[in-house]
Structures are given as structure tokens and as C-alpha cells.
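Take a look at the structure set out below.
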Amino acid sequence: MAAYPSSVGKRLEGGNMNAVEREGDTVLRNAGPWTPTVHALLTHLRAAGIDGVPQPLGIDTTANPPREQLTYIDGHVPLHPLPEWVWHDNVLSDGASWLRRMHNASATFPRDGQTWQQPVREPAEVICHNDFAPHNLGFDADHRLIGVIDWDMCSPGPRIRDLAYFATRAVPLMAEPPAGAPSGDQVRPRIQRIIDAYGSDASVDEVLKQAVAGLRELAAYSRKAADRLHKPELREHAALYDRDAAAIESGDIGSSERRSATDAQR
């Protein structure tokens, strides 16, 4: 994804945890023990009619390290600085409804003998993408969702996990949101839009609670990855995740009490 011309060895933007390149219509990524499981899942989803999922093409075991090969999905992935349209309501609705279809299709994926990069989290209702956010979504010229990339972190888990992480990035639930991003009284209705488009019976407060747990876990993971991958910038990411979680916990983001107090002053 992203608007790159066909080229040999073109490094794609994004990819904090993995080296990603494009060769023509093929995307190359470092493979791991979990890669055959991810490829089996992608094949399962495509067979179930889930659109916008990369097709696995194999693993180049002659490379060092081995490289997985996937089809390139055309589209625009919004990266920083984020465009204004990424905050449109349809991004929330399209993302949540696509996520529901993917989750439903993943529920029948055979799990015996599979290897995951991320731990299995209970209740393991479905296969979670675990990084479902605008930076891994591809959009067409009309800003409609057409594809989802970066599946190497997927693993079994509860539906609300993906919903909550999507909310943290797309609502957004950030201590210091980007310029032009919705905030204040817009936060809870935007979370509710995600819930409604998905068809979940979760409450806004339950999504916020899961968002805090997910952000704390992501911060811890990022600090470990900073040392493992020799990427000190991931420690800065971890600090941001911790600040976001603290802002939600304190009620600075998404608090119904804070919203009620604001309404009372009007």
C-alpha cells in the first residue's frame, strides 16, 4: 500500500517492528516462526470472502533472514502528518464494520498447532489483528477502506481488544492528539459509532477500560522491543502510550463525568 511506483527493493514507510520492502507487486518482510500461521490465516480469510487481505506468495528461505512474500495492495495508508480526512466518520464506520466481518470469518480458523508472535489472550473469541489502526489501513481516492496490512502481530483474543485499539488511534484517545483531531465532547460519540458499526454490545466505558489495558501492554512490549531490535525510538513510543493510558484513566479523555460537568456549565 501507499502511493509508490513499481520499483526494485523500495522500502515502504511505517513498519516500526519489521523491515518492509516492495519489489514490483510483491511486498517483502522479515519472516519468523509465526509466518506460516499468518499465511494460513490470510488464506482462510480470503477464502471466506474478506476483501483487502494480502495474498501470501511464500517464504524465501534463501534470504538471511528469511523473507515472507505477499501481494501488494494498492491504496493510500495515512501516515504522519495525518490528513484531515482520517477523522471523517466513515473511517470509523468502515473500519469497525470490516473488523466485524474479519473477526467472524476468523472464528472458524483452525488453531491447533499454530504459532503466534503475540500471546493468546482470553477469552480467545476470534483472531485479533492486534494493530488495527489507520496506519495499517489502505483507502481509495474517496477515502473508503479497501485493505488491511501488517498481519504479523495477529493472535487469538477477545473482540473488544481490536475495537479498543482502533478507538485509541482513530477516535483518537491520545493525551496530545494531532492538530485537527476530534477531542472533548466528540470522543464518546465517536467510540459509540465504532461500537454500533461493529455491532458490539460493549459499552463506551468498557472500550475505554480495554484501551487502557492495551496501551499499558503495548508500552511494555515497545520497551522490550527497543532493546531487542536496538531501536531506542521505541522507548519514546512507549512513553506516549503510557501518557495516553494515564489520560484515559484520569478522565481527561472520554470521561462521562467530565462530559456531564461540561454540559452542566452550558
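The letter at position 259 of the sequence shown is residue 259 when you use the UniProt record's numbering, and the numbering goes up by one with no holes.
Think of the CB as a built atom: it goes at the ideal place given N, C-alpha and C, for glycine as much as any other residue.
Inset, instruction - Report yes if the CB atom of Phe132 is closer than 7 Å to the CB atom of Asp162, and no otherwise. - result: Counting from one through the sequence shown, the residue named residue 132 turns up at place 132. Counting from one through the sequence shown, the residue named residue 162 turns up at place 162. Contact: yes.
Legend entry - Outcome for His88 when other beta-carbon atoms lying within 10 angstroms are tallied against a minimum of 16: As a working mapping, residue 88 is identified with position 88 in the sequence shown. Exposed: under 16 other Cβ atoms inside 10 Å.
Inset, instruction - Identify the continuous alpha helix (DSSP H) that holds Glu206 and give its terminal residues. - result: Within the sequence shown, residue 206 is the residue found at index 206, counting from 1. Where Glu206 is concerned, the enclosing alpha helix (DSSP H) stretches over 204 to 228.
Inset, instruction - Could you spell out where the beta strand (DSSP E) holding Gln192 opens and where it closes? - result: As a working mapping, residue 192 is identified with position 192 in the sequence shown. Run containing Gln192: none in the beta strand (DSSP E); it sits in the alpha helix (DSSP H), 187 to 198.
Legend entry - Residues of its chain near residue 269, where Cβ-Cβ distance is below 7 Å and the 5 sequence neighbours each way are ignored: With the chain running from 1 to 266 in the structure shown, residue 269 is simply not present.
Inset, instruction - Using alpha carbons as the reference points, say which of Pro110, Asp112, Arg100, Asp142 lies closest to His129. - result: Residue 129 sits at position 129 when you count from the first residue of the sequence shown. The shortest Cα separation from His129 among Pro110, Asp112, Arg100, Asp142 belongs to Arg100.
Legend entry - Exposure label - Leu234; buried when at least 16 CB within 10 Å: The sequence position of residue 234 within the sequence shown is 234, counting from 1. Taking all protein chains in view, the Cβ of Leu234 is crowded by 16 or more other Cβ atoms within 10 Å, so the residue is classified as buried.
Inset, instruction - Give the secondary structure of Val27 by DSSP, where H, G and I count as helix, E and B as strand, and everything else as coil. - result: By 1-based counting over the sequence shown, the position of residue 27 is 27. In the structure shown, Val27 sits in a strand (DSSP, three-state: E or B).
Legend entry - Rounded straight-line distance, which links the Cα of His103 to that of Val38: Here the question's residue 38 lines up with position 38 in the sequence shown. Here the question's residue 103 lines up with position 103 in the sequence shown. Distance between Val38 and His103, taken at the CA atoms: about 14 Å.
Inset, instruction - Within its chain, find whatever has a CB closer than 6 Å to the CB of Ala175; leave out the 5 residues flanking it on each side and keep chain order. - result: The residue given as residue 175 occupies position 175 in the sequence shown. Closer than 6 Å at Cβ, skipping near neighbours: Arg243, Asp244, Ala247.
Inset, instruction - Kindly give me the distance between the Cβ atoms of Val126 and Arg159, rounded to whole angstroms, as I take these residues to be in contact under 8 Å. - result: Looking up residue 126 in the sequence shown gives position 126. Looking up residue 159 in the sequence shown gives position 159. Confirmed, about 6 Å.
Legend entry - Three-state class that DSSP yields for Ile160 in the structure shown: Stepping through the sequence shown from its first residue, residue 160 is reached at position 160. In the structure shown, Ile160 sits in a helix (DSSP, three-state: H, G or I).
Inset, instruction - Let me know if Asn136 comes out buried or exposed under the rule of 16 or more other beta-carbons within 10 Å of its beta-carbon. - result: Taking the first residue of the sequence shown as position 1, residue 136 is located at position 136. Asn136 comes out buried.
Inset, instruction - Return the CA-CA distance between Leu45 and Arg223, expressed in angstroms with no decimal places. - result: For this step, residue 45 is matched to residue 45 along the sequence shown. For this step, residue 223 is matched to residue 223 along the sequence shown. Roughly 32 Å separates the two Cα atoms.
Inset, instruction - Alpha carbon to alpha carbon, how far is Leu57 from Asp196? Give it in angstroms, no decimals. - result: By 1-based counting over the sequence shown, the position of residue 196 is 196. By 1-based counting over the sequence shown, the position of residue 57 is 57. Those two C-alpha atoms are separated by around 36 Å.
Inset, instruction - Could you tell me the distance, in whole angstroms, from the CA atom of Trp34 to the CA atom of Val20? - result: By 1-based counting over the sequence shown, the position of residue 34 is 34. By 1-based counting over the sequence shown, the position of residue 20 is 20. Whole-angstrom Cα-Cα distance: 17 Å.
Inset, instruction - Report buried or exposed for Pro178, applying the criterion of at least 16 other Cβ atoms within 10 angstroms of its Cβ. - result: Locating residue 178 in the sequence shown gives position 178, counting from the first residue. The residue is exposed, with fewer than 16 neighbouring Cβ atoms inside 10 Å.
Inset, instruction - State the DSSP-derived secondary structure class of Arg121, mapped to helix, strand or coil. - result: For this step, residue 121 is matched to residue 121 along the sequence shown. In the structure shown, Arg121 sits in coil (DSSP, three-state: anything other than H, G, I, E or B).
Legend entry - Own chain, CB closer than 6 Å to Gln118, minus 5 neighbours either side, in chain order: The sequence position of residue 118 within the sequence shown is 118, counting from 1. Cβ within range, chain order: Asn130, Met153, Ser155.
Legend entry - Coil, strand or helix - Arg111 by DSSP: By 1-based counting over the sequence shown, the position of residue 111 is 111. Arg111 falls in the coil class under three-state DSSP.
Inset, instruction - Please say whether Ala211 and Leu240 have beta carbons closer to each other than 7 Å? - result: As a working mapping, residue 240 is identified with position 240 in the sequence shown. As a working mapping, residue 211 is identified with position 211 in the sequence shown. Going by C-beta atoms, Leu240 is not nearer than 7 Å to Ala211.
Inset, instruction - Could you check how far apart the C-beta atoms of Ser106 and Tyr198 are, in whole angstroms? I think they sit under 8 Å. - result: Start at 1 with the first residue of the sequence shown, and residue 106 comes out as number 106. Start at 1 with the first residue of the sequence shown, and residue 198 comes out as number 198. With 8 Å as the limit, Ser106 and Tyr198 do not qualify as a contact, their Cβ atoms being about 14 Å apart.
Legend entry - As assigned by DSSP and simplified to three states, the class of Thr71: Counted from its first residue, the sequence shown places residue 71 at position 71. Here Thr71 sits in strand by DSSP.
Legend entry - Which listed residue (Asp150, Gly184, Pro78, Leu208) has its alpha carbon closest to that of Arg144: Residue 144 sits at position 144 when you count from the first residue of the sequence shown. Among Asp150, Gly184, Pro78, Leu208, the Cα nearest to that of Arg144 is on Pro78.
Legend entry - Residue span of the beta strand (DSSP E) that contains Ile59, given as start and end: The residue given as residue 59 occupies position 59 in the sequence shown. That run of the beta strand (DSSP E) goes 56 to 60.
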